[in-house]
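Going line by line, the protein sequences match chains G and U. Per numbering that gives the first Met the number 0: the first sequence = residues 0 to 179. Per numbering that gives the first Met the number 0: the second sequence = residues 0 to 179. Everything on this sheet refers to the single structure shown next.
Protein chains: 2
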Amino acid sequence: MSKDDVVAKLSDVFRQYGYEGASLSKISVATGLSRASLYHYFPKGKEEMAATVLDHLYASLEINLLKPLQVKGNPLDKVRAMGKTLDLFYNGGCSSCFLDLLSIGESQPLFQSPIQQTLSAWIAALADVLVEAGQDVVVARCNAEDAIAQIEGTLVLSRCLGNNEPFKRAINNLPKILGL
Amino acid sequence: MSKDDVVAKLSDVFRQYGYEGASLSKISVATGLSRASLYHYFPKGKEEMAATVLDHLYASLEINLLKPLQVKGNPLDKVRAMGKTLDLFYNGGCSSCFLDLLSIGESQPLFQSPIQQTLSAWIAALADVLVEAGQDVVVARCNAEDAIAQIEGTLVLSRCLGNNEPFKRAINNLPKILGL
DNA sequence: GTCTATAGTATGATAGAC
DNA sequence: GTCTATCATACTATAGAC
């Protein structure tokens, strides 16, 4: 199993249980590797595991979300494409947001900076598309924040209600939420 | 210290660290009670603590949120009043949502039912106000879900960005989000 | 009702064999 | 690179003194 495969498994565990809930036992079961083997891949332990997942997430975000938003093209089409990517990434609303779960409890101070940077990059890229579509800079920023908050919020509702319809609706309504 | 005071302290710890992150050590420090004393109040341990906080939360929700929505009155005024209550409850966006944090990891199966019921009651009460304001039943339900998702999502953004402006904006825009 | 002391288990992390 | 065995610590929970 390659390290990337391990990181993918790690991501699943962290975004289901959070940092403190993701014990090495759970991680060991999920990856099929013993505790000691995990320390071969991540000598600094759990903190390095989460940090690595965050790094991979940011890289994936850049490729799959930010770049497609930044290329020349119709703003509405780009927003719709983002919706499809998000639907895939969040498993139709059934998977939680990794940034959300790492931003709570003791992991918050550990990863505050990369979490903030990652989310800010997403907001900025989305706002740029709205400016491209003719929106005022301040309005675009607010719309981008509100849309991402709607995504994050419907993921919370999905978890609490066991119902992903609000998430699906948010994805479909993205253009409207963004004022397009 | 009365049991209600203890429950209030418990609530703070749980909604900062989540269920698994809220160790008895942290709870002991926050309440000023020894571990053993905590077991005097909650013989069944941590699970009973969280369940009790959930009970108190639902009771508080009924009194401070649901009842004011159900009394006769102008829908717009009632929504604005709800906004002020939420602003207080979430400490201006600086405190996380207890339901959100209890819905992750190992605590999810433990408290799924009361979490779902509590959130559903809120959504239903809010939707009723919108129906009262003349909205179609289905539309009202969607608007209520979307507004609560916006609140929950801006709380996540607050945590991740260290910036509560999206939350403040969501509170101010509640009437608009709800289609009033 | 609060405490100290402690049991039993799970945790994160290491050492060292293969 | 993967493992078994183990350390030191933290965890939830309990017993029993006052």
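By construction, the Cβ of each residue, glycine as well, lies at the ideal position given by its N, Cα and C atoms.
Note on U/VAL28: under 16 other CB atoms within 10 angstroms of its CB, so exposed under the neighbour-count rule. Straight across, the Cα-Cα distance linking G/LEU109 with U/LEU65 is about 38 Å. Per the C-alpha coordinates, the member of U/GLY20, U/PRO113 and U/ALA58 positioned closest to U/ASP3 is U/ALA58. The DSSP-derived three-state label of G/GLY82 is helix. Under the DSSP assignment, U/LEU101 falls in the alpha helix (DSSP H) whose first and last residues are 97–101. The three-state secondary structure of U/ASN162, taken from DSSP, is coil. It is roughly 13 Å from the alpha-carbon of G/ASN63 to the alpha-carbon of G/ALA120. Within chain G, the C-beta atoms nearer than 7 Å to that of U/GLU144 come from LEU156 and PRO165, in chain order.
Shortest Cα-Cα distance from U/GLN107 to any of G/TYR16, G/ALA124, G/THR117 and G/ALA7 involves G/TYR16. Cβ-Cβ distances below 6 Å link U/PRO165 to THR153 and LEU156 in the same chain, with the five nearest sequence neighbours on each side left out; the list follows chain order. Inside the region 107–167 of chain G, DSSP marks no whole beta strand (DSSP E) run of 3 or more residues. Within the region 79–112 of chain U, those residues whose Cβ lies closer than 8 Å to any Cβ of chain G are, in chain order, SER95, CYS96, LEU98, ASP99, LEU100, SER102, ILE103, GLY104, GLU105, GLN107 and GLN111. The Cβ atoms of G/GLY104 and U/GLY20 lie closer than 8 Å to each other. The three-state secondary structure of U/ALA35, taken from DSSP, is helix.
The shortest CA-to-CA distance from U/LEU179 to any of U/ASP135, U/ALA35, U/ILE150 and U/LEU160 is the one to U/ASP135.
The C-beta of G/MET81 has 16 or more other C-beta atoms within 10 Å across all chains shown, which makes the residue buried. The criterion of a C-beta distance shorter than 8 Å is satisfied by U/TYR40 and U/VAL5. Relative to G/ASN73, the option among G/LEU87, G/TYR89, G/PHE88 and G/VAL130 whose CA is nearest is G/VAL130. With fewer than 16 other Cβ atoms from the protein chains shown falling within 10 Å of its own Cβ, G/LEU87 counts as exposed. For U/ARG168, the closest of U/ASP76, U/LEU68 and U/LEU85 by C-alpha to C-alpha distance is U/LEU85. For the pair U/ASN142 and U/LEU53, the Cα-to-Cα distance works out to about 25 Å.
In the three-state reduction of the DSSP assignment, U/VAL70 falls in the coil class, being assigned neither a helical nor a strand state.
Contact annotation: G/ILE170 and G/GLU144 have beta-carbon atoms that are not nearer than 8 Å.
Taking 8 Å as the threshold, the shortest C-beta distance from G/SER119 to chain U falls below it.
In this structure, the straight-line span from the alpha carbon of U/LEU98 to that of U/TYR18 is close to 11 Å. U/ALA146 is not a Cβ neighbour of U/ILE114, given a cutoff of 8 Å.
In this structure U/ASN172 is not in contact with U/GLY92, their Cβ atoms being roughly 13 Å apart against a cut-off of 8 Å. Residue environment: G/ALA35 is assigned as exposed (fewer than 16 neighbouring CB atoms within 10 Å of its CB, all protein chains considered).
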